[in-house]
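Counted from 1, the sequence shown has number 150 at position 91 by the numbering used here; the numbering is strictly sequential. Backbone N, C-alpha and C fix where the C-beta goes; we use that ideal spot for every residue, glycine too. On a predicted model such as this, the values are computed, not experimentally measured, just so you know. In what follows, a single structure is set out as structure tokens and then discussed.
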Amino acid sequence: MIAAEIPFNRSSLLGREMEYIHQTISRGQIAGDQVFSRKCQALLEGVLNVNKAMLTTSCTHALEACALLLNIQPGDEVIVPAFAFVSAANAFALRGAQVVFADIRPDTLDLDEAQLEALITPRTKAVVLIHYAGIACEMDAIVPIARRHSIRLVEDNAHGLFAKYRGRWLGTFGDLAVQSFHETKNITCGEGGALLINDPAHIARAEIIREKGTNRSMFFRGQIDKYTWVDVGSSYVMSDVLAAFLFAQLEVWQDIQARRRQIWERYASELSDWARTNAVRLPVIPPHCEQAYHMFYLLLPSLDARRALVAHLAAHGILAVFHYVPLHLSKFGARYGGKPGDHPVAEHVSDHLLRLPFFYALTDVEQSRVIEAVRGFST
Numbered sequence: 060m061i062a063a064e065i066p067f068n069r070s071s072l073l074g075r076e077m078e079y080i081h082q083t084i085s086r087g088q089i090a091g092d093q094v095f096s097r098k099c100q101a102l103l104e105g106v107l108n109v110n111k112a113m114l115t116t117s118c119t120h121a122l123e124a125c126a127l128l129l130n131i132q133p134g135d136e137v138i139v140p141a142f143a144f145v146s147a148a149n150a151f152a153l154r155g156a157q158v159v160f161a162d163i164r165p166d167t168l169d170l171d172e173a174q175l176e177a178l179i180t181p182r183t184k185a186v187v188l189i190h191y192a193g194i195a196c197e198m199d200a201i202v203p204i205a206r207r208h209s210i211r212l213v214e215d216n217a218h219g220l221f222a223k224y225r226g227r228w229l230g231t232f233g234d235l236a237v238q239s240f241h242e243t244k245n246i247t248c249g250e251g252g253a254l255l256i257n258d259p260a261h262i263a264r265a266e267i268i269r270e271k272g273t274n275r276s277m278f279f280r281g282q283i284d285k286y287t288w289v290d291v292g293s294s295y296v297m298s299d300v301l302a303a304f305l306f307a308q309l310e311v312w313q314d315i316q317a318r319r320r321q322i323w324e325r326y327a328s329e330l331s332d333w334a335r336t337n338a339v340r341l342p343v344i345p346p347h348c349e350q351a352y353h354m355f356y357l358l359l360p361s362l363d364a365r366r367a368l369v370a371h372l373a374a375h376g377i378l379a380v381f382h383y384v385p386l387h388l389s390k391f392g393a394r395y396g397g398k399p400g401d402h403p404v405a406e407h408v409s410d411h412l413l414r415l416p417f418f419y420a421l422t423d424v425e426q427s428r429v430i431e432a433v434r435g436f437s438t
């Protein structure tokens with residue numbers, strides 16, 4: 060396959076990544092929980108006002124840690140949006156949970172809170188919320204439902220770092236939340252994630268789970284004279300080499316967000332007339348939500364129109380991509396009883412959504428080419 064002239068995503072060095080990597084290597088401290096890991100965690104805790112932030116090897120691993128922290132057992136039910144990345148369900152399936160799929164809202168593409176309560180049973184242990192495209196779920200409705208039924212909320216905030224709902228940071232509503240620093244995210248270190256803990260009762264055990272089920276963190280703080288195996292766990296600690304790269308990005312997060320906002324708003328402004336003419340829907344941002352500017356998508360009027368636009372853009376050297384086969388229609392998701400028609404909004408969006416190139420280093424000239432190519436297409 061010939062590489063597109065304008066890719067969907069392109070990673071960037073924002074200034075001090077290589078300097079910080081050199082520092083951590085020069086110190087001989089490249090394992091986890093060293094200087095830059097602590098800096099990243101302190102920044103996240105300070106900005107977001109969470110009780111504890113712990114860097115992890117991936118957002119997927121942070122979700123797996125959530126499943127362990129919540130003591131998910133075989134037969135427990137966990138509600139997950141049908142339109143989601145597989146990790147949101149897989150982390151709980153690994154513990155033997157029965158995954159219960161929920162449909163999404165047609166406007167924000169988040170979990171449809173109007174359907175949530177009907178899915179809750181005496182076996183429901185947790186709800187996983189995905190703030191799709193960094194646009195908040197309706198937390199004013201969801202949080203009271205969870206409290207009323209004494210079920211845990213896990214925010215999969217992979218798309219939504221530094222976004223807000225009614226002035227409050229995403230990732231601070233649930234008992235637990237996770238972040239992604241994958242290459243495609245606003246803030247990145249290639250591969251990585253974070254576990255955010257809002258309920259302080261989880262902090263001590265989270266340290267143990269993250270350190271292979273041992274009390275190693277207590278040992279390094281001088282609280283015990285030796286460490287040992289005390290619980291289940293895994294190796295979820297991010298290398299300080301990756302944390303060094305990550306900190307260079309986190310310390311300029313406002314600059315990153317400002318540039319991404321410019322790109323997003325230009326797409327929205329210059330494609331709005333074309334979208335109306337061609338029955339294409341652009342992202343919907345409720346007025347009480349401050350989005351993360353994570354992606355810019357189009358909802359085409361048909362699957363055929365999407366295929367045609369993908370081909371049209373490719374002919375112009377532009378890569379646009381879609382994602383998420385609805386989880387209930389996947390080979391593994393079928394084990395949980397999923398079948399076509401169960402979640403019609405998720406199924407419709409999966410067939411119609413297309414994401415345009417969107418990354419910090421997208422130049423004005425490149426964005427002009429994308430916009431001109433899109434406006435040259437008719438559905």
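Looking only at its chain, what residues have a beta carbon closer than 8 Å to the beta carbon of glycine 155, apart from the 5 residues adjacent to it on each side?
When the five nearest sequence neighbours on each side are left out, the beta carbons in the same chain lying within less than 8 Å of the beta carbon of glycine 155 are those of Ile131, Gln132, Pro133, Gly134, Asp135, in order along the chain.
Kindly indicate which residue of Val424, Phe417, Phe95 has the alpha-carbon position closest to the one of phenylalanine 67.
Nearest C-alpha to phenylalanine 67 among Val424, Phe417, Phe95: Phe417.
Check whether the Cβ atoms of phenylalanine 142 and tyrosine 383 lie closer than 8 Å to each other.
Yes, these two residues count as a Cβ contact at 8 Å.
Which first and last residues belong to the beta strand (DSSP E) in which glycine 252 is found?
For glycine 252, the enclosing beta strand (DSSP E) covers residues 252-256.
What are the uninterrupted segments assigned as beta strand (DSSP E) that are 3 or more residues long and contained completely in the region 138-174, given in chain order?
Counting only runs that start and end inside the region 138-174, the beta strand (DSSP E) elements of at least 3 residues fall at 157-161.
May I ask which residues mark the beginning and end of the beta strand (DSSP E) holding glutamate 270?
Counting along the chain, glutamate 270 falls outside any beta strand (DSSP E), and DSSP gives it neither H nor E.
From glycine 219 to tyrosine 352, what distance separates their C-alpha atoms?
When only Cα atoms are considered, glycine 219 and tyrosine 352 end up about 8 Å apart.
What's the gap between the Cα of glutamine 88 and the Cα of leucine 188?
The straight-line gap from Cα to Cα measures roughly 36 Å.
Close-in-space but distant-in-sequence residues of the same chain around asparagine 110 (CB under 8 Å, 5 per side omitted):
Excluding five sequence positions before and after asparagine 110, the CB atoms of its chain that fall closer than 8 Å to its own CB belong to Glu104, Ile256, Asn257, Asp258, Pro259, Ile262, given in chain order.
Between Thr422, Ser117, Val408, which has its C-alpha nearest arginine 318's C-alpha?
With distances taken between Cα atoms, arginine 318 lies closest to Thr422.
Complete runs of the beta strand (DSSP E) confined to the region 283-358 [at least 3 residues]
You should have 356-358.
Do leucine 175 and isoleucine 194 have their beta-carbon atoms positioned less than 8 Å apart in this structure?
Taking 8 Å as the cut-off, the beta carbon of isoleucine 194 is found no closer than this to the beta carbon of leucine 175.
My guess is that leucine 168 and alanine 150 are in contact by the Cβ rule of under 8 Å, so how many angstroms apart are they, rounded?
21 Å between Cβ atoms; not a contact.
So is threonine 115 buried or exposed if we call it buried at 16+ other beta carbons inside 10 Å?
Counting the other CB atoms within 10 Å of its CB gives threonine 115 a total of 16 or more, which places it among the buried residues.
Tell me whether aspartate 162 is buried or exposed, calling it buried when 16 or more other Cβ atoms sit within 10 Å of its Cβ.
Burial state of aspartate 162 is buried, judged by a 10 Å Cβ sphere holding 16 or more other Cβ atoms.
Could you check if proline 140 is buried or exposed, using at least 16 other CB atoms within 10 Å of its CB as the buried criterion?
Label assigned to proline 140: buried.
Rounded to whole angstroms, what is the Cα-Cα separation between aspartate 92 and alanine 101?
Approximately 12 Å between the Cα atoms of the pair.
Please classify arginine 227: does DSSP put it in a helix, a strand, or coil?
Note: arginine 227 maps to strand in three-state DSSP.
Return the chain-ordered ranges of every alpha helix (DSSP H) run that is complete within the region 70-130 and spans a minimum of 4 residues.
Runs found: 76-85, 94-107, 118-128.
Start-to-end residues for the beta strand (DSSP E) that takes in aspartate 215
Its beta strand (DSSP E) spans residues 211-215.
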